Structures are given as C-alpha cells and as structure tokens.
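Worksheet for the structure shown next.
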Amino acid sequence: MEDLIAELVAQEERLRFTRFDNDDAWTLGSLLVRLGKERDLPITIDIRRHGHQLFHAALPGTAPDNDRWIERKIRVVERLNASSFLVGRRMAAKGQAMDAAYGVDPADFATHGGAFPIRVVDVGVVGVVTVSGLPQADDHALVVEALGLFLQR
Numbered sequence: 016m017e018d019l020i021a022e023l024v025a026q027e028e029r030l031r032f033t034r035f036d037n038d039d040a041w042t043l044g045s046l047l048v049r050l051g052k053e054r055d056l057p058i059t060i061d062i063r064r065h066g067h068q069l070f071h072a073a074l075p076g077t078a079p080d081n082d083r084w085i086e087r088k089i090r091v092v093e094r095l096n097a098s099s100f101l102v103g104r105r106m107a108a109k110g111q112a113m114d115a116a117y118g119v120d121p122a123d124f125a126t127h128g129g130a131f132p133i134r135v136v137d138v139g140v141v142g143v144v145t146v147s148g149l150p151q152a153d154d155h156a157l158v159v160e161a162l163g164l165f166l167q168r
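Our numbering numbers the first residue of the sequence shown as 16 and each following residue consecutively.
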C-alpha cells in the first residue's frame, strides 16, 4: 500500500499545469472521449474549474448513476486537494473511512478513484477532472494517462 500511495503522490506532483482555461478543458475532455471511444469504455467524463462545469460527456453504457459518483468524487478532491484515489488509499491504510474521519455524509463523498485535481503551478488546485464507469483504479489510471498525454503536447 505504501508503494501505491507514493506513486499516487508522485503523479500529483508531476501532473501540474502552467495554466488551465476553458479551451484546455475542452481539449482534455475531448482527449478522454477519444480514448474512451477507441477502447469502447462505458465512461462519463466531467471537468470543472472553480466549481464551474466546463466539460461533460457520457459515452454509451453509462447511466445517471455515473453522474452521482462524479459529484461524490469531486467533493473529496475539493475538500482535500488530492485525488479521490489517493485519499481513499491513505484512509484505507489507516483503517479509516471519510465519514468518520471528517464528519461527512458518505452519500455525499466517495473516496474511489477517478477524480484528479487540476493543479496550476504557483497557484494550487483550480479544478477537477473526473471519470466514472470503470473499476476505481482504472478510472484513476485513465485520467492520469490523459493528463500525461495532454501535458506532453
């Protein structure tokens, strides 16, 4: 578990933006849609900056429940400024649950992978990119892959 947590921390340190605007949200979201369609993945994608939804797409095989999962994952990132997967793994390593540790309703928060902070260098977390529809580690991995591709361009 410690190795996984260290890797998740390293991802967040590595995957930082110099800026992030509406056009970036569109480009990143479109990249995730392309990856999802190429792989026939049943995913919903959501990108927000300062709580403003800039991109949202639901690919075939998704349902309204995916939107609910997205909302719950986003709240984790917004509250703790870390990916929902990292928060979940840290809590699991300590034998904790978010509701008990932070006094929140578990119906409103999900420490499952798929929501990743959009962090701008010298600014901090300005938004969240989220994927829902796959097992949590796969949701997280897809977001990380897309962020890496986006930032390499």
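In this text, a Cβ means the ideal position worked out from N, Cα and C, and glycines have one as well. Predicted, not measured: the structure shown is a model, and the values here were computed from it.
- In this structure, DSSP gives residue 75 a state outside helix and strand, which the three-state scheme calls coil.
- Looking at the backbone, the Cα of residue 85 and that of residue 140 are separated by about 17 Å.
- Per DSSP, the unbroken beta strand (DSSP E) holding residue 59 starts and ends at 59-64.
- Here the C-alpha atom of residue 126 lies approximately 30 Å from the C-alpha atom of residue 168.
- Every unbroken stretch of the beta strand (DSSP E) spanning 3 or more residues and falling wholly within the segment 115-166 is given here in chain order: 130-135 and 139-147.
- Within the same chain, 87, 90, 91 and 113 come within 6 Å of residue 124 by CB-CB distance, once the 5 residues on both sides are set aside.
- Counting C-beta atoms within 10 angstroms of its own C-beta, residue 138 has fewer than 16 neighbours from the protein chains shown and is therefore classed as exposed.
- Under DSSP, residue 32 takes part in a beta bridge, and its partners are 135.
- Secondary structure note for residue 37: its alpha helix (DSSP H) is the uninterrupted segment 37-53.
- In this structure residue 33 is exposed. Its beta-carbon is surrounded by fewer than 16 other beta-carbon atoms within 10 angstroms.
- Just so you know, the alpha carbons of residue 156 and residue 120 end up roughly 26 Å apart.
- The C-alpha of residue 122 is placed about 15 Å away from the C-alpha of residue 99.
- Annotation: residue 46 to residue 73 spans about 14 Å, alpha carbon to alpha carbon.
- According to the DSSP assignment, residue 103 belongs to the alpha helix (DSSP H) that extends over 99-108.
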